[in-house]
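One structure is given below, encoded as structure tokens.
Below, the structure written as structure tokens:
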């Protein structure tokens, strides 16, 4: 895999190393990148990011598993998400490679959408 994954799943864990070891040993995943905040794993094109939680204690609407998917434009996605029964959550974050925001599907599941920079 070259660069950050475009699609996959984020699993939040208080003990990133322990949970990563589980996925490596049980599912044969390979470590792609490791930082103090997360471990990126991969197997057969599937990407799994084991990440420390972004908040200290989980809120009632906090999900410990979150898909991440790439869109062409965050602005356009925000405009159309509601038309399909979803909602846009507050905030946007970026790094040198992509910017992200979070949305909810019609059932309230959180999805991180990513727009890669050209």
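Numbering (the numbering used here), first residue to last: 4 to 121.
Quick reminder that beta carbons are idealized off the backbone N, C-alpha and C, glycines included.
Short of 6 Å in beta carbon distance, which residues of its chain neighbour residue i, apart from the five on each side in sequence? Order them along the chain.
i: residue 12; result: 51, 70
i: residue 53; result: 14, 16, 19, 22, 23, 42
Quick check: the Cα distance between residue i and residue j, rounded to an integer number of angstroms?
i: residue 7; j: residue 87; result: 28 Å
i: residue 94; j: residue 35; result: 27 Å
i: residue 55; j: residue 83; result: 30 Å
i: residue 113; j: residue 104; result: 10 Å
i: residue 9; j: residue 121; result: 14 Å
i: residue 38; j: residue 107; result: 27 Å
Can you say whether residue i is buried or exposed, counting buried as having 16 or more other CB atoms within 10 angstroms of its CB?
i: residue 28; result: exposed
i: residue 118; result: buried
i: residue 58; result: exposed
i: residue 74; result: buried
i: residue 100; result: exposed
Give the secondary structure of residue i by DSSP, where H, G and I count as helix, E and B as strand, and everything else as coil.
i: residue 85; result: helix
With respect to the alpha helix (DSSP H) encompassing residue i, which residues constitute its N-terminal and C-terminal limits?
i: residue 19; result: 19 to 30
Can you name, in chain order, every residue of its own chain whose Cβ lies under 8 Å from the Cβ of residue i, other than the five neighbours on each side?
i: residue 68; result: 12, 13, 14, 15
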